[in-house]
Structure formats: structure tokens, C-alpha cells
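94 is the number that our numbering gives to position 94 of the sequence shown; each next residue is one higher, with no gaps.
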Amino acid sequence: MNTTGVVAPMFPLGSVLLPHMLLPLNVFEPRYRVMFEELVGELPRPDDQVTSDSEPRFGVALIERGSEIGGGEVRSKVATLATVLGAQLLEDGRWGVVALGGERVRVDEWLEDDPYPRARVRSWPDLDPPDAAAVLAGALPGLRSQHAVLMDLMAQSGVVVDEADGPDWNTEPVKLIWQVALASPLGSLDRYRLLCAPGATERVGLLAKLLEEQSDLLQGRL
Numbered sequence: 001m002n003t004t005g006v007v008a009p010m011f012p013l014g015s016v017l018l019p020h021m022l023l024p025l026n027v028f029e030p031r032y033r034v035m036f037e038e039l040v041g042e043l044p045r046p047d048d049q050v051t052s053d054s055e056p057r058f059g060v061a062l063i064e065r066g067s068e069i070g071g072g073e074v075r076s077k078v079a080t081l082a083t084v085l086g087a088q089l090l091e092d093g094r095w096g097v098v099a100l101g102g103e104r105v106r107v108d109e110w111l112e113d114d115p116y117p118r119a120r121v122r123s124w125p126d127l128d129p130p131d132a133a134a135v136l137a138g139a140l141p142g143l144r145s146q147h148a149v150l151m152d153l154m155a156q157s158g159v160v161v162d163e164a165d166g167p168d169w170n171t172e173p174v175k176l177i178w179q180v181a182l183a184s185p186l187g188s189l190d191r192y193r194l195l196c197a198p199g200a201t202e203r204v205g206l207l208a209k210l211l212e213e214q215s216d217l218l219q220g221r222l
């Protein structure tokens, strides 16, 4: 979905939602209960809110300072639109939600929380050079090797590594980069740096650097 200057309901979190990442949510705050009641059709949506023909979407932004609960937090200027895959209203009024990270967006303006956070957002597609396909093809073998080294070091450190949760190396390159990031022990700030990379060619270089740093840290502890 291409978004240009539209209003999206927002769910700020203390972690980063990357494209292709599953996001389970336990929604208990009253303001976010209202948000999901609107998103899944229980209540009317605001007229200016971003909509889809079939699937409700909301934005997920990183909380740079503050708490997830209560409001008043400082929120990031880059976010990810999430598609609701499933939502269930529980007996105690909470919502159980599963969403999937989609396109990244820039936040042009945070609007008043009324009652939940909303923001005016626009699409931020990857900007890559004409030779991006060749650059990625050349970088992926090294990335695969770095990821294998990191997984081996994690196993040596006592971390249970499930290969079934790893990236599918036959996936097309742009999506594969996100899969590798999701399968790696990266913190929220590093994931946010990946989300903010201008395009896939810069993102793959940054990811390789981050994997190397993680490997060096683990190696130093063995």
C-alpha cells in the first residue's frame, strides 16, 4: 500500500517492528482497546484514517524515551505499518492481536492522542542505485557466512539456536536481509538503524557490520 500524507493509528513500543516480522500484542490500555475496536470494525473509524480494502493497518513506532504505558513518551520519526492478521476480544476486555510488519513510513506529524496516538505518515520506499541487484548478489554470500559464524558462537555460549527459525537463503535478497536481521541477536537501536537505512544496498552493509560486532562480543566472552 502506498501512503502519502495519510493519518494512521499508532502503537508506540519499546522495540522495533521490522518488515516481515510477526508482532503479537496483549492490548489492555483503554485507549488502545478503542483503537482496535475501530480497526476491526466494532466502532466507526475516523474519516481521515488510513484504511485498506480488506486488512486493517496501524503504525508501530519506537519509543525513544519514556514508557509504553500511560503516554507522554518521545516517539521515533520512522515507523513500520503493521497489518492485523488476527484479533480477538477477550472476556476481560483485552484484545489479543497478531500483526505483520509491512512497509516503513516517515512520520511527518504526531497528532493529539484522542484517545490513542495518531500520526500523519508517508511511505519511505528503499532508494537504491541501478546496480543494486548486483551489489546485493555480491554481498549475500559473505552475509551468510557471517550469520553462520554468529550462530555457532551463540551455540558455544549456551544459547539454544533453532535452525528452523533462521532465514530462508533462497528468498529474494531484499526480504532476505530483513530475515537475517530478525534471526540475529540485535538490540532495538541496531534494528532501528537498519529500518532507517536509505536502501537495501546500505542496509546489507550495515547488517554485515552489526553481525561482525556481535560475533566479536561473543568471541570475547568464550
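Ideal Cβ placement from N, Cα and C applies to all residues, glycine included.
- DSSP places residue 31 in the uninterrupted alpha helix (DSSP H) bounded by 30-39.
- Between residue 121 and residue 6 the beta-carbon gap is near 6 angstroms, inside 8 angstroms, which marks them as a contact.
- Residue environment for residue 39: buried (at least 16 other C-beta atoms within 10 angstroms of its C-beta).
- Your pair residue 200 and residue 136 checks out as a contact, with CB atoms roughly 6 angstroms apart and the cut at 8 angstroms.
- Residue 31 and residue 73 have their C-alpha atoms roughly 15 angstroms apart.
- Taking 4 residues as the minimum length, the alpha helix (DSSP H) runs contained wholly in the stretch 132-219 are 132-156, 173-182, 188-196, in order along the chain.
- For residue 86, the enclosing beta strand (DSSP E) starts and ends at 74-89.
- Annotation for residue 94: no beta strand (DSSP E) segment contains it, and DSSP assigns it neither H nor E.
- Counting along the chain, residue 64 sits inside the beta strand (DSSP E) bounded by residues 57-65.
- If you draw a straight line from the Cα of residue 89 to the Cα of residue 220, it is about 47 angstroms long.
- Proximity of the stretch 198-218 to the stretch 146-164 meets the contact definition, three or more beta-carbon pairs being nearer than 8 angstroms.
- By alpha-carbon distance to residue 100, the top candidate from 215, 85, 173 is 85.
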